[in-house]
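For the record, in the sequence shown the residue sitting at position 288 is 287 according to numbering that gives the first Met the number 0, with numbers rising by one throughout.
Written out below as structure tokens is the structure these notes cover.
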Amino acid sequence: MRNSPFKWLILLAVTLIWCGVNYFGLLEFIEEETVDWRFQYRGELPGQGKIFYLDVDAKSIADIGNLAWDRAYYVDVCEAALKEGGASAIGIDYVFSDRGMPEIADRERFQKGTLRMAGLLFSEPPPPVVLAAGYASSHDRDINGLPIVREMPRVLDSSSKAQPPELPQIRVRNRIYTPPHVGLIDTIDGAMNRVPLFAPDEHRTWYHMSVELARLAWKLPQKGVRVHANRLEFVRADGVVLASVPLLDGQDVEVNWSTRWDSPQNARASFSDALAAAGMLKSEKAEEREAAMKLFERMRDSIVLIGPVDPLLQDRAPTRLDALPVPRVGLIGTLIRQFQSGAYVRRVPAWAQWMLIIGLTAGVCGLQLANLRGRWGVAAKAGAAALVVAYVWCVFFVFLRYNLILPLVIPLFSAFTTSFALTALLLVVAERMRSRITSFFGTYVSPALVQRMIESGDEPQLGGVEVPITAYFSDIQNFTMVAESLSPTRLVEFMNDYLSSATDVITDQEGTLDKYMGDAVVAMFGAPVANVDHALRACVATQLVHAKNMEIRERWPEIVQKMPVRSQIGLSTGKATVGNIGSRTRFDYTMMGDTVNIAARLENAARVYGVQTLVSGETREGAEKYGNQCVFRNLGKIVVKGRQHPVDIHEIMGLRDRLPAAALECKRVFEEGLEKFFARDWAGAAELFAQSAKLEWYPVIVPGQRTPSEVFLDRCEALKKNPPSGDWTGVYVMETK
């Protein structure tokens, strides 16, 4: 399944499901929680606009009395704040209506206060005082006593009704007037994270109180606020845009909470203190007037917001920066600061969200499922985890630096679930592959090699590849005589013992059993899983097989009496075609090529030279490159049957730590004789071969078997009698296979 597109189709399908979840907002409530984390990580924004809060708090209620208050109190405070304090605008976060007047109120006094408010609000020019209106107080009754339900008009909802909000009522001589400056105080679903900045009805557009206060503070006329499809602009008469507010759904703004409610940036005073200070401004005592002025001087060039803050008034809600509910009047101040600073919260469009979901999922899954082994595999898995951490860091960093909200929940869920789904699927597939490979290769390769094949993810397939290997051929010398000495049953037992011992050695050295052919064992080193030291492993295996034969001889004395058990082995190193060869329904893992043929010929040539193991020059070179465990003896060159080019041949005399000193001396003397032999010094060579013949050492001697020293001694005698021609190279040509 490593190269199958199936797993990528699964990745795409799961990812598209999560894109759908994102599109329909099914996990939006969790995403919004993470947005709160981003605000809390960022903290407050310094240097925001000047806002001054006059709190209708517990102290004010204790000093003045329960609401609703005489409207003249608001007039006194507003006049002092505008004239003496130099406030740029004032917002009163109350919907003044006749329904707000308590039954026990002094109506005559209340009416006088209303007239004073009318005198303030309707003076020319109208002062920058904004009263609240809203759709939240939605229940009202018509002249017939039937309920009236107000709903916020939505510009993108064709079924939404264009109706006015509940407006402040200023009753003068039994007529109700709407003040010049009115601002909405509604939010979406009662929360304080998203606010509609305007609401159109049949006759006019009503703007949020924050918009109206910002407009008045900038001294803009009503037409100075312009609404476009995706933004709301504050524009001066000369065309200069003072602020461009991005709109969501053509109507809303996302609140960028810049301060906590109790932040030192939020200047404030109790409303009752401001009311008392307004009275003290008329005092005959200079110190009282001076104390009052200090309070109002704090409001200079500020937008003053008057609103309820006492918890008993139940006009509170949590914010992105305040976990506990805080007064809603703070929302108006936050929006004004947002307009003044231009620090707006933005979200990436839907197509970009999908790209982030798909990109993170593909990146995490690609790294986690990368077909890498060893430290690179661990690095890939660590890279997948690092990519997730990097994305989370990027989400918080981008918000910190650019006030941009990237999706967090859906990309992470998509990456995790897709990765887990594919991992689970691959575990199932891997288990099936494990069973298949184990059943296919488990009988002729080591368990460790099977495990490496499973980890590689390659399933056995019909066909082969050309790879460097060391081919291994062996059989039992004079096996016919061995077979004749045993009954059929005992012969089977002996062969099982012999083949099991040889196979165990081969697999322990990470070789692969190719086949059994009677008493012959055919194997390869370096495939199906590559080993750079396959030549060395094959050479060591030959010597361990010979050592195992010593143990077999002890277990089978009836054979040893007639013919000692001795293997002859040929090795050849080079490229060969290795793979599953056969029909589409039945095939075997085997090897083919010139390297294989040479190994088979060297196995037969070992008998000619009287050695137990004969290897090619490439095999010796490959073995000595990775270790010196084996002792090699050069035996010259031969041309094997079926080939024209000579092959360097070498005997493995044994493992270095097991050879007696005489064998090493034999090697030295023999190779000196070989040099004289190729130099055509037949007499000198014969003398040295005669010396080395006395030092030849083999654990098992087969009757009639000559040693390499004896073979070359005979050749010297023959060449003395019949000297070769001038083009003689010393290459021996094999006449048989």
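A virtual CB, placed ideally from N, CA and C, is assigned to each residue, including glycine.
| Item | Value |
| --- | --- |
| Distance between beta carbons of Q508 and R536, contact taken as under 8 Å | 4 Å |
| Between the CA atoms of N265 and P310 - distance to the nearest angstrom | 18 Å |
| Continuous beta strand (DSSP E) stretch holding V638: start and end | C629 to V638 |
| Terminal residues of the beta strand (DSSP E) in which S96 lies | Here S96 belongs to no beta strand (DSSP E), and DSSP marks it neither H nor E. |
| L323 burial status per 10 Å Cβ neighbour count (16 or more: buried) | exposed |
| S122 classed as buried or exposed, judged by whether at least 16 other C-beta atoms fall within 10 angstroms | exposed |
| The stretch 341-348 contacting the stretch 237-248, beta-carbon criterion three pairs below 8 Å | yes |
| Beta carbon of V181 nearer than 8 Å to that of I187 | no |
| Own chain residues within Cβ distance below 6 Å of I175, not counting five before or after | Q168 |
| In chain order, each alpha helix (DSSP H) run of at least 4 residues that lies wholly inside the stretch 573-623 | 593-608 |
| Proximity to G569 [Cα-Cα], best of A575, M590 and A522 | A522 |
| Whole-angstrom distance between M591 and L461, CA atom to CA atom | The predicted model places L461 with a pLDDT of 44, which falls under 50 and marks its position as unreliable; any figure quoted below should be read in that light. For L461 and M591, the distance between alpha carbons rounds to 14 Å. |
| Terminal residues of the beta strand (DSSP E) in which V344 lies | No beta strand (DSSP E) holds V344; DSSP gives it neither H nor E. |
| Collapsed DSSP secondary structure at A161 in the structure displayed | coil |
| Through-space distance from P179 to F38, alpha-carbon basis | 37 Å |
| Candidates L694, Y401 and A135, of which the one nearest T706 by Cα | L694 |
| Inter-residue CB distance, V739 and L498 (contact presumed, cutoff 8 Å) | Absent from the model: residue 739. The displayed extent of the chain is 0 to 736, so no value can be given. |
| Per-residue burial, T14 [other beta carbons within 10 Å of its own, 16 or more giving buried] | buried |
| Uninterrupted alpha helix (DSSP H) stretches inside the stretch 356-417 (no shorter than 4 residues) | 373-401 |
| Sheet register partners of I505 (DSSP bridge) | Answer is none; I505 lacks a bridge partner. |
| When A276, N596 and L634 are compared against F669, the one with the closest alpha-carbon | L634 |
| Within 8 Å, strictly: CB atoms of F270 and L53 | yes |
| For H202, the three-state DSSP class (helix, strand or coil) | coil |
| Buried versus exposed, by CB contacts within 10 Å (16 or more), Q313 | exposed |
| Rounded C-alpha distance that separates P459 from D513 | Bear in mind that a pLDDT of 49 at P459, under 50, signals an unreliable position, so the number given afterwards is only what the model happens to contain. Taking the straight line joining both Cα atoms gives about 15 Å. |
| Cβ pair L399, R41 closer than 8 Å | yes |
| Check whether L44 and M191 have beta carbons under 8 Å apart | no |
| Cβ contact check for the stretch 595-612 and the stretch 648-655: 3 or more pairs under 8 Å | yes |
| Length of the line joining the Cα atoms of T502 and K666 | 30 Å |
| Per-residue burial, T417 [other beta carbons within 10 Å of its own, 16 or more giving buried] | buried |
| Exposure label - E83; buried when at least 16 CB within 10 Å | buried |
| Beta-carbon spacing of R336, G118 below 8 Å | no |
| Cβ-based neighbour list, A268, same chain, cut-off 8 Å, excluding 5 preceding and 5 following | F51, Y52, L53, D54, L294 and R297 |
| Length of the line joining the Cα atoms of S137 and I184 | Note that S137 scores a pLDDT of 46, beneath 50, so its modelled location is shaky; the value from the coordinates is reported in the next line. Distance between the alpha carbons of S137 and I184: 13 Å. |
| Counterpart residues of E83 in DSSP-defined beta bridges | E83 is not bridged to any residue. |
| Beta-bridge partners of K514, as assigned by DSSP | V521 |
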